[in-house]
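Under the numbering used here, the first residue of the sequence shown is numbered 8, with each subsequent residue one higher.
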Amino acid sequence: MTVVGRLAPSPTGALHLGNVRTFLWAWLSARAQGGRVLLRVEDLDQPRVKPGAVETMIDELRWLGFDWDGEVAVQSARRELYRAAHGKLAGRLFSCRCTRGDIAAFQSAPHEEDQELRYPGTCRGSTASGLAWRFRVEPGRVEFTDRLFGLQSIDVAGTVGDFVAAKTPDQPAYQLAVVVDDLAQGVTEVVRGDDLLASTARQVILLRALGHEPPAYGHVPLVVGPDGRRLAKRHGDARIASLRERGVPAERIIGILAEGSGLGAGDATPACLVKKWSWDRVSRERVVLTPERLAAFGA
Ligand code: GLU
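Quick look at the structure:
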């Protein structure tokens with residue numbers, strides 16, 4: 008079976024050293040297995056997508072030396088698929104009237120600094136039409152294996168509870184959209200940031216409810232600032248656009264990211280790292296981007 012991996016950037020923020028490191032792993036893992044790599048633009052959070060952001064991101068990925076197979080998939084153009092999945096899941100969805108912060112923010116992937124509260128089940132039995140569709144979660148643990156973090160056993164009912172799957176049938180939440188797309192695109196391997204490890208059990212539940220088994224998962228430790236939090240402006244300018252503008256070569260960026268992932272030193276392109284790649288070489292530790300490390304990029 009051919010391995011199919013994917014890069015799934017959200018054009019709601021600029022490409023930076025952190026997400027490029029994750030994409031490098033996703034790309035290398037698929038290519039090292041002789042697999043295909045797909046590019047999927049996750050732009051459902053439309054109000055947060057700036058004009059031109061998608062084109063810029065694609066241009067930067069190419070400049071860094073990434074390639075992909077086939078057409079670029081764009082989530083906002085795939086509403087029909089989400090509607091169909093909503094129909095298939097209808098028996099397990101209920102409409103929820105509760106106004107909560109997470110309903111407003113539901114279309115983006117829940118990164119770890121977003122507070123996730125357990126839904127208390129308020130609207131489970133209601134038939135009134137509400138603000139969002141939640142998926143009814145049965146009690147029990149969900150298990151899956153992560154390439155790096157090993158066997159995970161998660162009590163979704165006891166931690167997040169009935170989670171938001173969609174706002175309307177053609178406005179799916181991140182959890183549902185990602186599952187529908189991974190299925191439709193035949194993705195066999197999902198490699199992404201470790202802050203999404205917590206979402207994976209929900210996605211496994213949705214996949215099974217749609218009659219499928221989960222793909223392989225590998226969650227890549229994030230690049231964080233010295234305060235241990237996701238990269239942000241206050242940690243310095245780690246955007247690819249700024250490094251490129253200052254004349255930092257793409258090969259230096261890839262080389263330094265690879266070095267920090269146990270793949271040797273020196274300038275590099277993604278393609279020249281394929282032979283060195285192995286999940287055994289990578290650490291579960293998060294990488295701290297100190298000002299000194301940022302300076303090493305020539306920034
Ligand atoms: N688009 C998501 C993000 O940027 C990643 C989703 C995924 O890989 O499942 O956070």
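Even for Gly, the Cβ is constructed at its ideal location relative to N, Cα and C.
Sequence-distant residues of its chain with Cβ nearer than 7 Å to residue i (five each side left out)
{"i": "I110", "result": "The predicted position of I110 is uncertain, since its pLDDT is 49 and thus under 50; no value can be drawn from it."}
{"i": "P18", "result": "V48, D50, V56, A60, V61, M64"}
DSSP three-state assignment for residue i, whether helix, strand or coil
{"i": "L45", "result": "strand"}
{"i": "P256", "result": "coil"}
{"i": "C130", "result": "coil"}
{"i": "L190", "result": "helix"}
{"i": "A275", "result": "coil"}
Proximity test, residue i beta-carbon vs the ligand GLU heavy atom, cut-off 6 Å
{"i": "E123", "result": "no"}
{"i": "A272", "result": "no"}
{"i": "S17", "result": "yes"}
{"i": "E196", "result": "no"}
{"i": "R199", "result": "yes"}
{"i": "E67", "result": "no"}
{"i": "A33", "result": "no"}
{"i": "A205", "result": "no"}
For residue j and residue i, the rounded distance between their alpha carbons
{"i": "A303", "j": "C279", "result": "21 Å"}
{"i": "A80", "j": "L68", "result": "15 Å"}
{"i": "Q82", "j": "R293", "result": "29 Å"}
{"i": "D201", "j": "L229", "result": "6 Å"}
{"i": "E266", "j": "V289", "result": "10 Å"}
Cutoff 6 Å; reference residue i; Cβ partners in own chain excluding five residues on either side
{"i": "V10", "result": "A37, Q40, G42, T195, E196"}
{"i": "T129", "result": "C105"}
{"i": "A180", "result": "F113, V171, A172, A173"}
Neighbourhood of residue i by C-beta distance below 8 Å, restricted to the same chain and skipping five residues each side
{"i": "S285", "result": "A39"}
{"i": "G269", "result": "R288, V289, S290"}
{"i": "L88", "result": "V187, D188, A191"}
Residue environment, residue i, which counts as buried when at least 16 other CB atoms sit within 10 Å
{"i": "D220", "result": "Correcting the residue type first, residue 220 is Glu in the shown sequence and not Asp. Exposed, since its Cβ has fewer than 16 Cβ neighbours within 10 Å."}
Residue-level contact to chain B via CB, residue i, 7 Å cutoff
{"i": "W75", "result": "As a matter of chain content, chain B is missing from the structure shown, which is built from one protein chain."}
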